[in-house]
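See structure below.
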Amino acid sequence: LEIDRKDNQKGYAEENCVLACALCNNAKSDKFSGEEFRKLDGVIREIWLKRILKKRNERD
């Protein structure tokens, strides 16, 4: 996990920071607000879950 700023216009104060996986942190970049990116969260989670389950089924 990495430290990500909720608002990229603000500094790394504790109240402006969250933990994020590297993929999400890079995808969010400075183009999306935290609130905007949370709307994409469900889609990203669904894609990763499908990929994980597919690989698991291929091994079984």
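With the working numbering applied, the sequence shown covers 73 to 132.
All C-beta atoms in this analysis are idealised placements derived from N, C-alpha and C, irrespective of residue type, glycine included.
Reduced DSSP secondary structure (H/G/I, E/B, other) of leucine 73: coil
Where the beta strand (DSSP E) through alanine 92 begins and ends: 89-92
Cβ separation of aspartate 76 and alanine 92, assumed to be a contact under 8 Å, to the nearest whole Å: Yes, they are in contact, since the Cβ atoms of aspartate 76 and alanine 92 sit about 4 Å apart, within 8 Å.
Contact under 8 Å by Cβ, glutamate 74 with alanine 94: Yes, the Cβ-Cβ distance between glutamate 74 and alanine 94 is below 8 Å.
Rounded C-alpha distance that separates asparagine 129 from alanine 85: So the two alpha carbons sit approximately 43 Å from each other.
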